[in-house]
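Asks: What follows is a single structure, and I will ask about it in a moment.
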Amino acid sequence: MAPRSSALVTGAAAGIGAALARSLAARGYALTLLDLHAPGLEEVAAELRRKHGDGVAVRTARLDVTDATAQAAAFAAHVDAFGGLDVACLNAGIAEQGVVLEDRKEVWQRTVDVNLTAVMTGTQAAAAAMKGRGGTILAVASAGAFFPMPAAPAYAASKAGVLNFVRSQAVVLARPPYKVALHCVCPEFVDTALVRNVIDESAEKARRLMGSTDVKLLSAEFVAESALSLLDPGTPTGTALLIRQNGTLMRPRSPHGGSWTRPVDAGSSSSRGGGGGGGSRGSGGGVSSGAASADVAEPLRAARAAWAASDWPASFRKVQVVRLSTAFRDAVQIVASPLPPPGGAGLPPGTLLLRRAYVGINASDINYTSGRYYGSKKAAEAKLPFDAGFESVSVVAAVGAGTAGFAVGDCAATLTYDGFAEWSVLPAKRAIKVPRASADVVALLTSGLTASIALEESARLQKGETVLVTAAAGGTGQFALQLAKLAGCHVVATAGGPDKAAMLRRLGADRVVDYKSEDLKTVLRREYPRGVDVVYEGVGGSMFDAALSGLADRGRLLVIGMMSA
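The UniProt record's numbering numbers the first residue of the sequence shown as 1 and each following residue consecutively.
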């Protein structure tokens, strides 16, 4: 991180805001901390100065975020002090004020003004400060953005407004001239003064709001680390990160492909009145041992281990191929299989017991269910029934005697023929230790490794070369395009249709050929008369012929992923 990176945090005097300030300071950011409660701000600033000394620059200012003019001035003052703004954490928030059906509008309106309107004006101020240089805006909402909260309808409406504002505005902010990432963090109940006040005020009110009075609250520190994991440049803009009470992280309603969960450290503390299904202010695609600072890496491992050991069943479900067919539904059935007892007692030496977090689904799964990987139909039929699926990422739940390299709570990627199973026992030598359990890691296994090995080992790709990637909008094609760009190459990419073409341009393709409106052979002959140095070809037929004709002298042709029917 550049030494002059800076961040601004609203609602920074306590709770999640203070935790964000601590995490950002640990990363070396210069800080502006804003809150209505000036004494609390000074306490947080003094704590950071004691801990980091000259290693952190901290400014504080009292601010009512509902004053849009004052908020804009606070952002401008930050830029004047630090020369720019890299991260804005719009965290200020309050609990339900009044009763919508009984009180005057002015009473409950403040909930909307603080929780929603101030986020919108804060985004406006942050975007102005980041315009042209980029940056990231994190809006702290709540799980109440997703779930009904009958006891706090104005609060839930304000947080749902933040969620949909972020998902809508992010698309525009990502484009020039802004080039700013906007994300939303939505935790369930967090151990903050806001939540504690509800619990202390009335146990009955807490039960109505939270659904339970005997669960654990998420720690503000974990929420902060989860939120800051969104600073990873690979995070799709507009990400809404939901963290459940049990520490499971999700990206529901993702514009980039469905929901997912990840088991991580919930950093919980006893609440005697926290609970699932509602919302407080706060966070988690979470945090991974790679994304979090060193002092939370071990708690994350411990939390993953706790997730892997939770709700330990006597048996688990898996998908088995029972007949050969290219129609997956017809080829498979779900069966139950016994699970070793809690703790993995009796595991064979050198093995791991894995609890699945993610699996990958590929065209290769159809090749597998049709028996194409067994040499002949007769050989495949002799193997029936056999377990389906092969790409997966799991958490280690137990380790057999004499197993080196893995501990309970570690994350493991596998390419074994039992991927579509809730649990698995396999030799440790067949597992790949990875820093986190995430959907991204699954994508790396087949598509990513195919592109990496092909370009680096087979093509011996060199900086400055011209690379043609056909079917570039596919899984391995996207990896090939990005790897070639990272290697400093000029990339020509093919795809069919304007949406795919636009996506390839966003990934960095120098020339996109939409084969539905352009002829590849003509483009190569006219624009690349010398030819291309490397062809990464995954289509065949006339596309193969056109790519081959455009290959330069001593060029390299890579044929990817074709299998005879």
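Note that the Cβ used here is the ideal one computed from N, Cα and C, for glycine as well. None of these values were measured; they are calculated from a predicted model.
Given a cut-off of 7 Å on the beta-carbon distance, is the pair Ala501 and Val512 in contact?
Replies: Start at 1 with the first residue of the sequence shown, and residue 501 comes out as number 501. Start at 1 with the first residue of the sequence shown, and residue 512 comes out as number 512. Yes.
Asks: Round the Cβ separation of Val9 and Leu33 to the nearest angstrom and send it over; I've been treating them as touching at under 8 Å.
Replies: The sequence position of residue 9 within the sequence shown is 9, counting from 1. The sequence position of residue 33 within the sequence shown is 33, counting from 1. At roughly 5 Å, the Cβ-Cβ gap stays under 8 Å, so Val9 and Leu33 are in contact.
Asks: Looking only at C-alpha atoms, which of Ser229, Arg356 and Pro187 sits nearest to Pro312?
Replies: Locating residue 312 in the sequence shown gives position 312, counting from the first residue. Note on residue identity: the sequence assigns Trp, not Pro, to residue 312. Taking only the C-alpha atoms, the option nearest Trp312 is Arg356.
Asks: For Val539, does the count of other Cβ atoms within 10 angstroms reach 16, so buried, or fall short, so exposed?
Replies: Taking the sequence shown and counting its residues from 1, the one referred to as residue 539 is at position 539. Classification of Val539: buried, given that the 10 Å Cβ count is 16 or more.
Asks: Nearer than 6 Å: is that true of the beta carbon of Gly93 relative to any heavy atom of the ligand PLP?
Replies: This structure does not include the ligand PLP; it has no bound ligands of any sort.
Asks: Here's the rule I'm using: 16 or more other beta-carbon atoms within 10 Å means buried, otherwise exposed. How should Ala380 be labelled?
Replies: Taking the first residue of the sequence shown as 1, we reach residue 380 at position 380. Buried, since its Cβ has 16 or more Cβ neighbours within 10 Å.
Asks: CB Ala495 to CB Ala473, shorter than 7 Å?
Replies: For the purposes of this step, residue 495 is taken as residue 495 along the sequence shown, with counting starting at 1. For the purposes of this step, residue 473 is taken as residue 473 along the sequence shown, with counting starting at 1. Yes, they are a contact pair.
Asks: Using the Cα positions of Gly11 and Val119, report the straight-line distance between them to the nearest angstrom.
Replies: As a working note, residue 11 is residue 11 in the sequence shown. As a working note, residue 119 is residue 119 in the sequence shown. The alpha-carbon atoms of Gly11 and Val119 are separated by roughly 12 Å.
Asks: Could you give the DSSP three-state label for Ala227: helix, strand or coil?
Replies: The residue labelled residue 227 in the question sits at position 227 within the sequence shown. Reduced to three states, the DSSP call for Ala227 is helix.
Asks: Using three-state DSSP, classify Asp545 as helix, strand or coil.
Replies: In the sequence shown, counting from the first residue as 1, residue 545 sits at position 545. Residue state, collapsed to three classes: helix.
Asks: Express the C-alpha separation of Leu426 and Ala46 in angstroms, rounding to a whole number.
Replies: Mapped onto the sequence shown, residue 46 falls at position 46. Mapped onto the sequence shown, residue 426 falls at position 426. Each residue's alpha carbon lies about 51 Å from the other.
Asks: Determine the contact status of Asp410 and Val396, defining contact as a CB-CB distance below 7 Å.
Replies: Walking along the sequence shown from the start, residue 410 turns up at place 410. Walking along the sequence shown from the start, residue 396 turns up at place 396. Result yes, Cβ atoms of Asp410 and Val396 sit closer than 7 Å.
Asks: Helix, strand or coil: which one does DSSP assign to Lys516?
Replies: As a first step, residue 516 is located in the sequence shown; it is residue number 516 there, counting from the start. Residue state, collapsed to three classes: coil.
Asks: If you check the beta carbons only, do Tyr528 and Val469 fall under 7 Å apart?
Replies: Numbered from 1 along the sequence shown, position 528 holds the residue referred to as residue 528. Numbered from 1 along the sequence shown, position 469 holds the residue referred to as residue 469. Not closer than 7 Å, so no.
Asks: Using 7 Å as the threshold, is the C-beta distance between residue 569 and Phe82 below it?
Replies: Past the boundaries of the shown model lies residue 569; the chain is included only from 1 to 565, so the question cannot be answered.
Asks: Quick check: the segment 458-467 against the segment 514-524, are there 3 or more CB pairs under 8 Å?
Replies: No, the segment 458-467 is not in contact with the segment 514-524.
Asks: Indicate the three-state DSSP secondary structure (helix, strand or coil) for His37 in the structure shown.
Replies: Taking the first residue of the sequence shown as 1, we reach residue 37 at position 37. Coil.
Asks: For the segment 227-240 and the segment 163-177, state whether three or more C-beta atom pairs, one from each stretch, are separated by less than 8 Å.
Replies: The segment 227-240 vs the segment 163-177: in contact.
Asks: Nearest CA to the CA of Arg372: which residue from Thr326, Leu36 and Phe189?
Replies: The residue labelled residue 372 in the question sits at position 372 within the sequence shown. The residue with the shortest Cα to Cα distance from Arg372 is Thr326.
Asks: Is the CB-CB distance between Leu354 and Phe390 below 7 Å?
Replies: Working through the sequence shown from its first residue, we reach residue 354 at position 354. Working through the sequence shown from its first residue, we reach residue 390 at position 390. No, they are not a contact pair.
Asks: Apply the 10 Å Cβ neighbour rule to Leu449 and answer buried if 16 or more other Cβ atoms are within range, or exposed otherwise.
Replies: Here residue 449 is taken as the residue at index 449 of the sequence shown, counted from 1. Label assigned to Leu449: exposed.
Asks: Given this structure, state the Cα-to-Cα distance separating Arg59 from Leu36, to the nearest angstrom.
Replies: Sequence index remark: in the sequence shown, residue 59 carries index 59 (1-based). Sequence index remark: in the sequence shown, residue 36 carries index 36 (1-based). Straight-line Cα distance between these residues: approximately 14 Å.
Asks: Report yes if the CB atom of Ala126 is closer than 7 Å to the CB atom of Ile137, and no otherwise.
Replies: For the purposes of this step, residue 126 is taken as residue 126 along the sequence shown, with counting starting at 1. For the purposes of this step, residue 137 is taken as residue 137 along the sequence shown, with counting starting at 1. Closer than 7 Å, so yes.
Asks: Which ranges would you report for the beta strand (DSSP E) in the segment 105-167 if only whole runs of at least 3 residues count?
Replies: The segment 105-167 contains these whole beta strand (DSSP E) runs: 135-140.
Asks: Ala18 and Gly44 - do their beta-carbons sit closer together than 7 Å?
Replies: Against the sequence shown, residue 44 aligns to sequence position 44. Against the sequence shown, residue 18 aligns to sequence position 18. It is Val, not Gly, that sits at residue 44 in the sequence shown. Contact: yes.
Asks: From this set, Leu486, Val559, Asp514 and Met149, which residue's C-alpha is nearest Leu507's C-alpha?
Replies: As a first step, residue 507 must be located in the sequence shown, where it is residue number 507. It is Leu486 whose Cα lies nearest to the Cα of Leu507.
Asks: So, helix, strand or coil for Asp54, using DSSP?
Replies: Here residue 54 is taken as the residue at index 54 of the sequence shown, counted from 1. Helix, per DSSP.
Asks: Checking the sheet assignment: what are the DSSP bridge partners for Pro187?
Replies: Residue mapping note: residue 187 aligns to position 187 of the sequence shown, counting from 1. Answer is Ile243.
Asks: How would you label Val96, buried or exposed, when you count the other beta carbons within 10 angstroms and need 16 or more for buried?
Replies: Within the sequence shown, residue 96 is the residue found at index 96, counting from 1. The residue you asked about is not Val; residue 96 is Glu in the sequence shown. Looking at its Cβ environment, which holds 16 or more other Cβ atoms inside 10 Å, Glu96 is buried.
Asks: Roughly how many angstroms separate the alpha carbons of Pro498 and Leu230, rounded to a whole number?
Replies: Counting from one through the sequence shown, the residue named residue 498 turns up at place 498. Counting from one through the sequence shown, the residue named residue 230 turns up at place 230. Each residue's alpha carbon lies about 29 Å from the other.
Asks: Whole angstroms is fine: what's the gap from Leu90's alpha carbon to Asn115's?
Replies: By 1-based counting over the sequence shown, the position of residue 90 is 90. By 1-based counting over the sequence shown, the position of residue 115 is 115. Cα-Cα distance, rounded: 9 Å.
Asks: May I ask you to report which of helix, strand or coil DSSP gives Gly28?
Replies: Counting from 1 along the sequence shown, the entry for residue 28 is found at position 28. Of the three classes helix, strand and coil, the one that applies to Gly28 here is coil, per DSSP.
Asks: Return the Cβ separation of Val336 and Asp387 in integer angstroms, given the expectation that the two are a contact with Cβ distance under 8 Å.
Replies: Taking the sequence shown and counting its residues from 1, one reaches residue 336 at position 336. Taking the sequence shown and counting its residues from 1, one reaches residue 387 at position 387. It is worth fixing the name first, because residue 336 is Ala in this sequence and not Val. Their Cβ separation, rounded to whole angstroms, is 13 Å, which puts Ala336 and Asp387 out of contact at 8 Å.
Asks: Taking only runs of the beta strand (DSSP E) that begin and end inside the segment 353-433, which ones reach a length of at least 3 residues, in chain order?
Replies: Taking only runs of at least 3 residues, the beta strand (DSSP E) segments lying wholly in the segment 353-433 are 391-399, 411-415 and 423-427.
Asks: Counting along the chain, where does the alpha helix (DSSP H) carrying Pro498 start and finish?
Replies: Within the sequence shown, the letter at position 498 stands for residue 498. First-last of the alpha helix (DSSP H) with Pro498: Pro498 to Arg506.
Asks: Could you check if Gln462 is buried or exposed, using at least 16 other CB atoms within 10 Å of its CB as the buried criterion?
Replies: For the purposes of this step, residue 462 is identified with residue 462 of the sequence shown, where counting begins at 1. By the neighbour-count rule (16 or more Cβ atoms within 10 Å), Gln462 is not buried but exposed.
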